[in-house]
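Reading through the structure tokens given below for one structure.
Numbering (our numbering), first residue to last: 14 to 122.
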């Protein structure tokens with residue numbers, strides 16, 4: 014990321030992370046096995062509007078859905094098979110910034 018990381022979500026196996034940043038991007042990371050001396054590698058970057066800070070993040074790993082908040086909108090990202098040009102579903106209408114989001118995992122219902 015080129016700016017502050019504002020949210021992280023780690024999968025249950027501890028092998029993938031999704032991060033959100035004030036630089037307007039979400040990134041997916043693959044983590045090395047615990048016994049490995051390897052480093053995390055960024056495997057995908059989603060960028061909606063450069064400069065539109067992503068202020069928070071929640072992930073449902075069972076459906077590969079991420080929700081991020083920004084200055085005045087929620088974004089729902091489908092991150093299975095992420096492509097650089099993947100665009101989020103926008104949920105606007107907020108009058109101010111979004112500080113926190115949550116998802117009830119599909120497999121918890």
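Glycine included, C-beta positions come from ideal geometry on N, C-alpha and C.
Item	Value
CA nearest to the CA of residue 22, picked from 71, 15, 49 and 35	71
Within the stretch 20–49, ranges of the beta strand (DSSP E) (whole runs, at least 3 residues)	29–34 and 38–43
Euclidean distance between Cα positions of residue 91 and residue 68	18 Å
Selected residue, minimal CA-CA separation from residue 46, among 78, 26, 18 and 89	26
Residues that DSSP places opposite residue 73 in a beta bridge	78
Residue 57 versus residue 38: straight-line alpha-carbon distance, rounded	10 Å
Assigned exposure category for residue 109 - 16 Cβ within 10 Å defines buried	exposed
Residue 43 at chain C interface by Cβ criterion, 8 Å	Judged by its chain identifiers, the structure shown contains no chain C, having just a single protein chain.
Span separating the alpha-carbon of residue 41 from that of residue 103	20 Å
Coarse secondary structure for residue 114, derived from DSSP in three states	coil
Proximity of residue 44 and residue 53 at Cβ, strictly below 8 Å	yes
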